[in-house]
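For the sequence shown, my numbering gives the first residue as 1, with consecutive numbering after it. The C-beta atom is built at its ideal place from N, Cα and C for all residues, glycine as well. Computed from a predicted model, the values in this text were never measured in an experiment.
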Amino acid sequence: MVIEVDRLGKTFGDTEVLRGVSLSVAPGEFLAIVGPSGSGKSTLLYCMSGLEPATSGSVRILGTTLGTLSRGGLAELRRDHLGFVFQSYNLIPSLTARDNVALPARLARRGISGADIDRALAEVGLADRADARPSALSGGQQQRVAIARALALRPDVLFADEPTGALDTTAGEQVLDLIGKVVADGRSVVMVTHDLRAAARADRVLVLRDGVVHRELDHPDAAAIFTAMGD
Ligand SMILES: Nc1ncnc2c1ncn2[C@@H]1O[C@H](COP(=O)(O)OP(=O)(O)OP(=O)(O)O)[C@@H](O)[C@H]1O
Ligand SMILES: [Mg+2]
């Protein structure tokens, strides 16, 4: 397993947001997490990926238990093995698409060649916009730059929190097609979404409710996810 989450709990102050979530993600698996607003989806994603510490339980990524790592060790694991895509693309406005894609590797002092960056931009269909700044790109194009940035260092797992949330249907479909390519390439994807049609593209869907896994569905269609959320 690439990720193993065991009885994960997360409390903010006196609010128990996650109450014993267990799940695993296999290599090359696409897992979607759905559930009502406030059910803890983003919190689960952040705890699973080491962006937030868990309050109880454990998370193992590629065999390493996150709680045993130093801050530096955790940062290294994230940098070398994990990629992140958020609803708000989080691009640096003053940098071109090319420099945004190169930034994480440069910050990590990891060599990334011009060819690597061009390949990442070509993979997301933006080879011809490499010199554009985010303000000159559409929302869908900005999200594709953010995905290129996440993929440039060839992560084993891509975490995405509402990656299509700010996009129209067509741009959203393009982003989902790209995520499909990442999975076809043998990498794992964990995606939080409100969009049941997006979730229906996953191999497995977890329905989160009140901080616990309410349902787990294998290759469901959107209607089956809708039903599982309601009952
Ligand atoms: N840093 C924080 N401090 C305090 N409470 C928080 C924090 N982050 C999240 N929460 C609370 O945890 C609960 C779950 O939040 P979370 O963002 O995980 O929900 P979500 O399922 O992603 O919702 P949405 O669909 O609206 O994005 C909410 O009640 C939220 O207010
Ligand atoms: Mg959220």
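Item checked: Straight-line Cα distance separating Glu29 from Asn90 -> 26 angstroms
Notebook entry, point to check: Is it the case that the CB of Phe84 approaches a heavy atom of ligand 1 more closely than 6 angstroms?
Noted result: no
Next item on the list: Taking 8 angstroms as the threshold, find out whether the segment 16-26 comes into contact with the segment 166-180 through three or more Cβ pairs.
Entry: No, they do not touch.
Notebook entry, point to check: Should Ser239 be counted as a contact of ligand 2 given a C-beta to heavy atom distance under 6 angstroms?
Noted result: Residue 239 is absent from the structure shown; the chain starts at 1 and stops at 231.
Next item on the list: Give the C-beta separation of Thr193 and Glu162 to the nearest angstrom, bearing in mind that I take them to be a contact with Cβ-Cβ under 8 angstroms.
Entry: 6 angstroms
Next item on the list: Pull up the distance between the alpha-carbon of Thr96 and that of Thr55, whole angstroms please.
Entry: 39 angstroms
Checklist line | The beta strand (DSSP E) enclosing Val232, as first and last residue numbers | finding: Nothing about residue 232 can be reported from this structure: the residues present for the chain run from 1 to 231 only.
Item checked: Beta-bridge pairing of Leu31 - partner residues as DSSP gives them -> DSSP output for Leu31 lists Val190 and Arg204 as bridge partner(s).
Checklist line | alpha helix (DSSP H) segment containing Asp80, residue limits | finding: For Asp80, the uninterrupted alpha helix (DSSP H) segment begins and ends at Arg71 to His81.
Notebook entry, point to check: Near Leu23, what residues of its chain come up, given a Cβ to Cβ distance below 6 angstroms and the 5 sequence neighbours on each side ignored?
Noted result: Val5
Notebook entry, point to check: Alpha carbon to alpha carbon, what distance is there between Thr164 and Met229?
Noted result: Approximately 20 angstroms between the Cα atoms of the pair.
Notebook entry, point to check: If you drop the 5 nearest sequence neighbours on each side, which residues of the same chain put their C-beta closer than 6 angstroms to that of Lys41?
Noted result: Ile33, Gly35, Val192 and Leu208
Check: Quick one: does the C-beta of Lys41 sit closer than 6 angstroms to a heavy atom of ligand 1?
Finding: yes
Item checked: Simplified DSSP state of Gly165, which is helix, strand or coil -> coil
Checklist line | Own chain, CB closer than 8 angstroms to Gln142, minus 5 neighbours either side, in chain order | finding: Once the five neighbours on either side are set aside, the close Cβ partners of Gln142 are Tyr89, Leu91 and Pro134.
Next item on the list: Go ahead and pull the three-state DSSP assignment for Ile61.
Entry: strand
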